[in-house]
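Asker: Please find one structure pasted underneath; my questions will follow.
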Amino acid sequence: QGKAMGIPLLDLSGALQPGAPRSPAVMAVAAQLRQACTGPGFFYVRHHGVPQDIIARQFALAQQFFDLPLASKEAI
1 QGKAMGIPLL
11 DLSGALQPGA
21 PRSPAVMAVA
31 AQLRQACTGP
41 GFFYVRHHGV
51 PQDIIARQFA
61 LAQQFFDLPL
71 ASKEAI
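Per full-length UniProt numbering, residue 1 is the first one in the sequence shown, and the count goes up by one each step.
Structural data, given as structure tokens:
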């Protein structure tokens, strides 16, 4: 676990390996996730396996939403 700009950073590389669902790596990530959710309430994740183009598209869609007028956002 690390931090990026004060935001917790969870590394899933060890937790995504085949093995027991309660492996030490999975339990460590679970503890970090709990701490992030009960603390700041949000976090970054790395080594998650999601392709960068999908991530970029989601950020672009989020930006489009936040650029909408308030009335349009409230209507959704």
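Don't be surprised by glycine CBs; every beta carbon is placed ideally from N, CA and C.
Which residues does DSSP pair with Arg46 in a beta bridge?
Answerer: Counting from one through the sequence shown, the residue named residue 46 turns up at place 46. DSSP lists Asp11 as partners of Arg46.
Asker: Give me the Cα-Cα distance between residue 77 and Leu12, rounded to the nearest whole angstrom.
Answerer: In the structure as shown, the chain begins at 1 and stops at 76. Residue 77 is therefore absent and cannot be evaluated.
Asker: How many Å lie between Gly39 and Pro8 at the Cα?
Answerer: Taking the first residue of the sequence shown as 1, we reach residue 39 at position 39. Taking the first residue of the sequence shown as 1, we reach residue 8 at position 8. Approximately 9 Å between the Cα atoms of the pair.
Asker: If you draw a straight line from the C-alpha of Gln17 to the C-alpha of His47, how long is it?
Answerer: Locating residue 17 in the sequence shown gives position 17, counting from the first residue. Locating residue 47 in the sequence shown gives position 47, counting from the first residue. Roughly 11 Å separates the two Cα atoms.
Asker: So, with DSSP's three-state summary, where would you put Ala31?
Answerer: As a first step, residue 31 must be located in the sequence shown, where it is residue number 31. Note: Ala31 maps to helix in three-state DSSP.
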